[in-house]
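Numbering (this note's numbering) for the sequence shown: 4 to 293.
From the three backbone atoms N, C-alpha and C, an ideal C-beta is built for every residue, glycine too.
Quantities reported herein were computed from a predicted structural model and do not represent experimental measurements.
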Amino acid sequence: MQIPQLIKKQSPFVSLEFFPPKKQEEWPGFLETARELGQLRPLFVSVTYGAGGSTQSNTLKICERLISTCGFEIMPHLTGVTANREKIDGFIEAIRTLGIANVLALRGDRPASYTGTDDKLFAAFPHAADLVTYIRQQHPDLAIGVAGFPEAHAEASSFAADLAVMQRKVACGADFVITQLYFDNRVYFDYVDRLRTLGVTVPVLPGILPIRSLASLRFVLEMCNARIPGRLVNALTKAHEQGGAAAVYEIGVAYAREQVRGLLAGGAPGVHLYTLNKADMCLAVMDGLL
4 MQIPQLIKKQ
14 SPFVSLEFFP
24 PKKQEEWPGF
34 LETARELGQL
44 RPLFVSVTYG
54 AGGSTQSNTL
64 KICERLISTC
74 GFEIMPHLTG
84 VTANREKIDG
94 FIEAIRTLGI
104 ANVLALRGDR
114 PASYTGTDDK
124 LFAAFPHAAD
134 LVTYIRQQHP
144 DLAIGVAGFP
154 EAHAEASSFA
164 ADLAVMQRKV
174 ACGADFVITQ
184 LYFDNRVYFD
194 YVDRLRTLGV
204 TVPVLPGILP
214 IRSLASLRFV
224 LEMCNARIPG
234 RLVNALTKAH
244 EQGGAAAVYE
254 IGVAYAREQV
264 RGLLAGGAPG
274 VHLYTLNKAD
284 MCLAVMDGLL
């Protein structure tokens with residue numbers, strides 16, 4: 004079923020993001036994690052595609068396994084980077100055979116090993132909106148999600164310019180938005196208000212990443228431009244000094260629970276958890292909140 008229809012039927016909700024394990028011997032453990040997270044009764048789960056489509060074959064196989072073993076509603080990621088129309092059509096036909104009715108359309112990141120020019124890298128789909136336009140025209144039966152950046156995309160010239168990009172993605176046919184992770188709920192609510200002012204009325208799902216360790220915090224800082232509130236940094240640092248990794252984990256759970264509680268109380272339709280393919284923390288964060 005299309006995700007916008009599911010949202011209308013069930014709110015609030017939780018949805019989840021997984022990434023395909025690169026090694027097939029890791030798949031049984033991954034699927035066990037997915038089964039554990041089935042306790043949350045996620046509205047849907049998204050499956051990443053990999054930079055430059057580097058894990059697209061695994062994405063399809065993992066989608067199939069998640070459907071057959073867990074019964075999840077699936078939304079695979081689809082990126083325009085290094086893609087052409089034939090690749091996009093082939094991928095969409097493959098997910099159709101699995102009964103999948105949703106896709107997350109992304110421009111995609113530059114592969115770390117790529118040394119060519121951006122013109123070649125994004126030749127067919129220079130922007131996410133171009134990919135949205137193509138999918139909407141050629142595959143109108145699919146529901147299309149897109150990524151939103153409450154603190155603006157790292158490459159955006161300004162916050163206003165980034166909002167205009169989102170406005171265009173929705174005008175081209177996007178049905179809903181999933182935000183990049185962030186750590187201050189005021190950022191999300193301000194983002195939604197600004198989009199509504201621009202006439203963007205599709206659902207905006209807040210993306211939440213519970214901080215598991217100081218290492219994961221450093222990873223966040225390296226991978227995206229999300230701002231970390233000083234009180235969270237101070238609490239994590241103090242916890243590490245006094246209680247080590249276990250104490251940091253508890254702070255991460257408590258902070259994410261606070262975020263989720265505030266989002267649902269403030270009217271967010273649900274929350275989208277970045278699981279990092281781990282069950283324990285997501286289960287602790289959501290315990291009793293839905």
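The straight-line gap separating the alpha-carbon atoms of residue 286 and residue 43 is approximately 7 Å.
Residue 85 sits in coil when the DSSP states are folded into three classes, being neither helix nor strand. Looking at the DSSP output, residue 146 bridges to 105. Relative to the Cα of residue 230, the nearest Cα in the group 238, 192, 185 belongs to 185. Note: residue 179 is bridge-paired with 148 in the DSSP secondary-structure output. Rounded to whole angstroms, the gap between the alpha carbons of residue 66 and residue 263 is 27 Å. Counting other Cβ atoms within 10 Å of its Cβ, residue 232 stays below 16 and is therefore classed as exposed.
CA-to-CA, the gap between residue 92 and residue 236 works out to about 44 Å. When DSSP reads this structure, residue 210 sits in a beta bridge with 275. According to DSSP, residue pairing for residue 158 in a beta bridge does not occur. In the DSSP annotation of this structure, the continuous segment of the alpha helix (DSSP H) that includes residue 236 starts and ends at 233 to 268.
If you draw a straight line from the Cα of residue 73 to the Cα of residue 41, it is about 7 Å long. Under the three-state reduction of DSSP output, residue 4 falls in the coil class, being neither helix nor strand. Shown here for residue 5: same chain residues with a beta carbon closer than 7 Å to its own, the five before and five after excluded, namely 104, 105, 146 in chain order. With contacts defined as CB atoms closer than 7 Å, residue 206 and residue 191 fail to qualify as a contacting pair.
Boundaries of the beta strand (DSSP E) harbouring residue 50: 48 to 50, taken from the DSSP string. Residue 98 holds the alpha-carbon nearest to the alpha-carbon of residue 144 among 131, 98, 168.
The beta carbon of residue 130 sits closer than 7 Å to those of 110, all from its chain and outside the five residues before and after it, given in chain order.
Looking at 273, 175, 268, the one whose alpha-carbon comes closest to that of residue 149 is 175.
Contact check for residue 108 against residue 69 fails: the beta carbons are separated by 7 Å or more. Between residue 49 and residue 20, the CB-CB gap stays under 7 Å.
At the C-beta level, residue 227 and residue 170 stay beyond 7 Å of one another. Straight-line spacing of the CA atoms in residue 252 and residue 35 works out to 22 Å. Between the alpha carbons of residue 102 and residue 241 lies a gap of roughly 48 Å.
In the three-state scheme derived from DSSP, where H, G and I count as helix and E and B as strand, residue 35 is classed as helix. The beta-carbon separation of residue 265 and residue 188, rounded to 5 Å, stays under the 8 Å limit for a contact. Comparing C-alpha distances from residue 284 to each of 270, 273, 212, 238 shows the shortest one belongs to 212. Here residue 17 carries a strand assignment [DSSP, helix/strand/coil].
Per the C-alpha coordinates, the member of 151, 51, 75 positioned closest to residue 9 is 75.
Close CB contacts of residue 172 within its chain, under the 7 Å cut and outside five residues either way in sequence, are with 131, 132, 135, 149 (chain order).
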